[in-house]
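So the sequence shown is numbered by our numbering: it starts at -5 and just counts up by one.
We treat Cβ as the ideally placed atom computed from N, Cα and C, and that holds for glycine.
In this text the structure is predicted, and so the values were computed from the model without any measurement.
Accompanying notes for the structure given below.
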Amino acid sequence: MNHYETVFILNPVLSDVQIEETVKKFEDFLIKNDAKMVSKENWGLKKLAYPIQHKKSGFYHLFEFTAPGEVIAPYEQEFRRDERVMRFLTVKLDKHAIEWAEKRRNKLKAKA
């Protein structure tokens, strides 16, 4: 089981219900494929550095999870097939990145 982090940007014209459906779809895909969600964050609507698909903003979401390596290819295929997703990036976290992510989560918990 490797530790991964995915950030994805959803189309800004989606309703709150459509956003929740999309996030749930990807979360369910991971859980169905023996992944364990470590954390999930909604960063909200953010302005993009440059236009993507003629849009200047998008809804950002972050998933942190542990999963077997063979799950990642079909997981990313789902992102490519979904027209609501404008961009996505999945990275494998090394031990330093895992420590940093834990510190970040703890800071967020302390603020809440």
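Query raised in the report: Taking all protein chains shown into account, do 16 or more other C-beta atoms lie within 10 angstroms of the C-beta of Ile25, making it buried, or fewer, making it exposed?
Result: Translated into positions along the sequence shown, residue 25 becomes position 31. So Ile25 ends up on the exposed side.
**Report entry** Touching by the beta-carbon criterion (3+ pairs, under 8 Å), the region 6 to 26 and the region 89 to 96
**Finding:** As far as the Cβ criterion goes, the region 6 to 26 does not touch the region 89 to 96, which means the pair count is below three.
**Report entry** Burial state of Leu4 (16 or more Cβ within 10 Å)
**Finding:** Along the sequence shown, one-based indexing puts residue 4 at 10. Counting Cβ neighbours within 10 Å, Leu4 comes out buried, since at least 16 surround it.
Query raised in the report: Is any beta-carbon of chain B found at less than 9 Å from that of Lys19?
Result: Here there is only one protein chain, and chain B is not present.
Report task. Put Arg81 into one of helix, strand or coil per three-state DSSP. Result -> As a first step, residue 81 is located in the sequence shown; it is residue number 87 there, counting from the start. Assigned with DSSP and collapsed to three states, Arg81 falls in strand.
Requested in this report: Assign Tyr112 to one of two classes, buried (16 or more other C-beta atoms within 10 Å of its C-beta) or exposed (fewer than that).
Outcome: Residue 112 falls outside the range modelled here, since the chain spans only -5 to 106, and no answer is possible.
Query raised in the report: Quick one: what's got a C-beta closer than 8 Å to Glu72's C-beta in the same chain, skipping five residues either side?
Result: Stepping through the sequence shown from its first residue, residue 72 is reached at position 78. Excluding residues up to 5 positions away in sequence, Lys19, Phe20, Phe23 lie with their Cβ nearer than 8 Å to the Cβ of Glu72 in the same chain.
Query raised in the report: Start and end of the beta strand (DSSP E) containing Asn(-4)?
Result: Translated into the one-based positions of the sequence shown, residue -4 becomes position 2. That run of the beta strand (DSSP E) goes -4 to 4.
Query raised in the report: For Gln42, which of Leu56, Asp76, Arg81, Thr60 has the nearest alpha-carbon?
Result: As a position in the sequence shown, residue 42 is number 48, starting the count at 1. Per the sequence shown, residue 42 should be read as Leu rather than Gln. Nearest of Leu56, Asp76, Arg81, Thr60 to Leu42, Cα basis: Arg81.
Query raised in the report: Roughly how many angstroms lie between the CA atoms of Tyr44 and Lys50, to the nearest whole one?
Result: Counted from its first residue, the sequence shown places residue 44 at position 50. Counted from its first residue, the sequence shown places residue 50 at position 56. Near 7 Å, if we compare the C-alpha coordinates of Lys50 and Tyr44.
Query - Beta-carbon spacing of Thr60, Lys40 below 9 Å - result: Along the sequence shown, read from residue 1 onward, the residue named residue 60 stands at position 66. Along the sequence shown, read from residue 1 onward, the residue named residue 40 stands at position 46. Not in contact: Thr60 and Lys40 (Cβ atoms no closer than 9 Å).
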